[in-house]
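Protein chains in written order, with my numbering: chain A, 3 to 116; chain B, 76 to 191.
So this is what it looks like as C-alpha cells:
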C-alpha cells in the first residue's frame with residue numbers, strides 16, 4: 003500500500019504557483035520523498051526528490067517539514083502543460099531485493115486553467 | 076537508445092492467448108520495474124528486479140503472470156491465457172543503483188494491451 007496521502011484533485015490558474023501537498027506521517031529515517039507526474043497517455047516522469055532538506059531544480063521545488071511528516075511540491079509558474087497527475091512516493095534510500103520499489107498511490111490530478 | 080524502450084507499443088490479442096511484452100532498460104541500470112495501469116486507474120506495481128537478487132514478485136496478480144530478466148538487461152513480462160481484465164497499459168521503468176543508493180526511475184511509454 004502507498005504510504006502517502008494526497009488530495010485527489012486541485013486547480014491552479016495559469017502563471018500562478020501550484021502547491022501540491024503530501025502527507026507521509028509514517029516515513030522512516032532512511033526514506034526519501036519522490037515526486038513524479040504523469041501527463042495523459044504518457045509514462046510517469048520524475049520531478050524531484052529529497053530526504054530532509056528543501057530541494058529545487060529546473061522543474062520544481064520540494065519543501066519538506068522539519069518532522070518530515072509532510073511535504074509540498076511547488077511549481078512556481080504553472081502552465082497548461084503542467085496539467086497532469088502528480089504522485090508523491092516514499093522510498094527507501096538503500097535499495098536491495100526487497101526495497102527500492104516505487105509504490106504509487108492515486109496521486110493528485112492538477113488542472114491548470116487559462 | 077537513451078531511454079527505456081518497450082515493445083510492442085500496442086498489442087491486441089484474443090482471450091486465452093499468451094502474450095510477451097518486452098522492456099529494454101537504460102544501459103547500466105541495475106533496477107527494473109513493471110507496472111500495470113488500467114484505464115483511468117493508478118499505477119499497480121507488478122514486479123521489481125534489482126541486480127542479481129531474487130525479484131520482488133509481490134505485485135503479480137496471478138500465476139498467469141511471470142517475468143524474467145536475462146543477463147541483467149532486457150526483461151520480458153509474460154501473461155498466459157489472457158483474460159479481458161488483463162487489458163491495460165503495461166509500463167516498465169529502470170533506475171541506477173549507485174553503491175546501493177536509490178536513484179530516480181525512468182519510465183518507458185508503455186505497451187497498451189487489449190484482450191478481445
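Ideal Cβ placement from N, Cα and C applies to all residues, glycine included.
Nearest candidate by alpha-carbon position, reference residue i, set the options
i	options	result
residue 79(A)	5(A), 20(A), 13(A) and 11(A)	20(A)
residue 82(A)	8(A), 5(A) and 14(A)	14(A)
residue 94(A)	103(A), 88(A), 110(A) and 16(A)	103(A)
residue 121(B)	161(B), 103(B) and 191(B)	161(B)
residue 69(A)	89(A), 28(A), 109(A) and 107(A)	28(A)
residue 184(B)	16(A), 43(A) and 114(A)	43(A)
residue 131(B)	109(A), 105(A), 110(A) and 5(A)	105(A)
residue 114(B)	105(B), 180(B), 152(B) and 159(B)	159(B)
residue 178(B)	88(B), 103(B) and 83(B)	103(B)
residue 38(A)	84(B), 118(B) and 128(B)	118(B)
Partners in chain A for residue i, counting only beta-carbon separations shorter than 7 Å
i	result
residue 183(B)	45
residue 160(B)	Neighbours of residue 160(B) on chain A: none; closest Cβ ~20 Å, over 7 Å.
Proximal chain A residues relative to residue i, where beta-carbon distance stays under 9 Å
i	result
residue 107(B)	The premise fails here: residue 107(B) is roughly 10 Å from chain A at the closest Cβ pair, so nothing lies under 9 Å.
residue 166(B)	45 and 46
residue 142(B)	Under the 9 Å cutoff, chain A gives no residues; its nearest Cβ is about 13 Å from residue 142(B).
For residue i, the three-state DSSP class (helix, strand or coil)
i	result
residue 151(B)	strand
residue 33(A)	strand
residue 69(A)	coil
residue 82(A)	helix
residue 209(B)	Outside the displayed range of chain B (76 to 191) lies residue 209(B), so it cannot be described from this structure.
residue 160(B)	helix
residue 52(A)	strand
residue 6(A)	coil
residue 145(B)	helix
residue 196(B)	With chain B covering only 76 through 191, there is no way to say anything about residue 196(B).
residue 191(B)	coil
residue 85(B)	strand
residue 74(A)	strand
residue 23(A)	strand
residue 128(B)	coil
residue 121(B)	strand
residue 114(B)	coil
residue 91(A)	strand
Residue i and residue j closer than 8 Å at C-beta
i	j	result
residue 251(B)	residue 86(B)	No information on residue 251(B) is available, as it lies outside the stretch 76 to 191 that chain B covers here.
residue 24(A)	residue 47(A)	no
residue 61(A)	residue 76(A)	no
residue 112(A)	residue 85(A)	yes
residue 141(B)	residue 124(B)	no
residue 81(B)	residue 163(B)	no
residue 144(B)	residue 188(B)	no
residue 182(B)	residue 166(B)	yes
residue 154(B)	residue 94(B)	yes
residue 107(A)	residue 89(A)	yes
residue 26(A)	residue 63(A)	no
residue 65(A)	residue 56(A)	yes
residue 92(A)	residue 34(A)	yes
residue 96(B)	residue 135(B)	no
Listed by chain order, chain A residues near residue i by CB distance under 8 Å
i	result
residue 120(B)	103, 104, 105 and 106
residue 77(B)	Near residue 77(B) there are no residues of chain A at all, since even the closest Cβ is about 14 Å away, more than 8 Å.
residue 163(B)	Chain A residues near residue 163(B): none, gap ~13 Å exceeds 8 Å.
residue 179(B)	36, 48 and 51
Within chain B, partners of residue i - CB distance below 8 Å
i	result
residue 109(A)	117
Residue i CB to nearest heavy atom of the ligand MN below 7 Å
i	result
residue 163(B)	The ligand MN is not among the ligands present in this structure, which contains no ligands whatsoever.
Item to check | Residues, ordered as in the chain, of the region 52-76 of chain A that lie near chain B by beta-carbon distance below 7 Å | outcome: The residues in question: there are none.
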